[in-house]
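Here our numbering is used: the first residue of the sequence shown is 6, the next is one more, and so on. Ideal Cβ placement from N, Cα and C applies to all residues, glycine included. A quick write-up on the structure given underneath.
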Amino acid sequence: MRLVNLAGRLGVEVAGRFVDLELHSGGRIPSDPMAAYSHWDAIRQIASGQSVGDAGPIVVPEKVGPPVPKPAQVFAIGLNYRDHAEEAGLPIPDTPMVFTKFPTCLAGPNEEVPLTSDRVDWEVEQVVVIGREADAVPKARAWQHVAGFCVGQDISDRKLQFAGKPPQFSLGKSARAFGPIGPALVSLDEFPNPDALVLRCWVKGELMQESTTENMIFSVPELIEYISSYCVMQPGDLIFTGTPAGVGSVRTPRRYLAVGETVESEIPGIGRLSNRCVARI
């Protein structure tokens, strides 16, 4: 099941066309994506019965917004790939390094990204969408609380992030459009092995990152167990699960995003983000 936010309404994408969930549920499922995620079981039931014959308008990329536009909480994980920790010269963490990206940073899969400094970096990530409330959930039951995945970009202003000590992770990663997600929320049942997703990132057409979530230090179930032991996660909450090696700030020479460049982020089976960098007004 592929859920998309088309012009602010949640629907199922079927063969490139949009099935409006509010209309096809007789009003049982709200059109607003955030209200709809509280009805996850109903979404799955209704969406499973949709066919090409039920579909409406073509899904136009320019009209597609973030599939989860206004979550209550956005968790993010630092140093969750061994090769990324090693390229940064940092020790492998014993427990997940959790911070937040403020929800106002979220953007659609094709939105422009205003650059806030001359040291803005890229980080392709798998984004987990919570489908059921998670409170002190053991990892053995964690997948039961996952709705599905999106592709994400954890755009990061390294100048602000490392301006002082301690570092400002949340502020450095939460400017306008610093959290593109999408292009769809793909449900968990679509993945034969949800622990083995391939991630890729290109900048200006050059492949910068390529890895698999098998290389994460802390798996999705381990992250849910850890976070939910301290915080209650609600339907629609997000977890940016970390980025692999290949970011610009540790390259020789260092490489940062420039106005006019496009960042492309991909997970096969979900799709690709394409975000052009622009000057901040």
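Boundaries of the beta strand (DSSP E) harbouring E130: 129-135, taken from the DSSP string. Excluding five sequence positions before and after D88, the CB atoms of its chain that fall closer than 8 angstroms to its own CB belong to S216, N220, P249, A250, given in chain order. Close CB contacts of S53 within its chain, under the 8 angstroms cut and outside five residues either way in sequence, are with M6 (chain order). When DSSP reads this structure, V191 sits in a beta bridge with R7, F154.
According to DSSP, residue pairing for Y86 in a beta bridge involves M221. Closest by C-alpha distance to P226, out of G276, F167, P199, C206, is P199.
In chain order, P240, G241 place their CB closer than 6 angstroms to the CB of Y42, counting only its own chain and leaving out the 5 sequence neighbours on each side. For W207, the enclosing beta strand (DSSP E) has its first and last residue at 203-208.
Taken atom to atom, the span from the alpha-carbon of A141 to that of E266 is near 42 angstroms.
By the neighbour-count criterion, in which a residue is buried when 16 or more other Cβ atoms sit within 10 angstroms of its Cβ, V264 is exposed.
A Cβ-Cβ distance of about 6 angstroms is found for the pair A189 and G276, placing them in contact under the 8 angstroms criterion.
Between the beta-carbon of C282 and that of A180 there is about 12 angstroms, and that puts the pair past the 8 angstroms contact cut. Counting along the chain, A52 sits inside no beta strand (DSSP E); it lies in the alpha helix (DSSP H) bounded by residues 45-52.
Using a Cβ distance threshold of 8 angstroms, T246 and V133 count as a contacting pair. The beta carbons of F154 and Q166 sit no closer together than 8 angstroms. Note on geometry: alpha-carbon atoms of A201 and C236 lie some 26 angstroms from one another. Here DSSP, grouped into helix, strand and coil, assigns A263 to coil.
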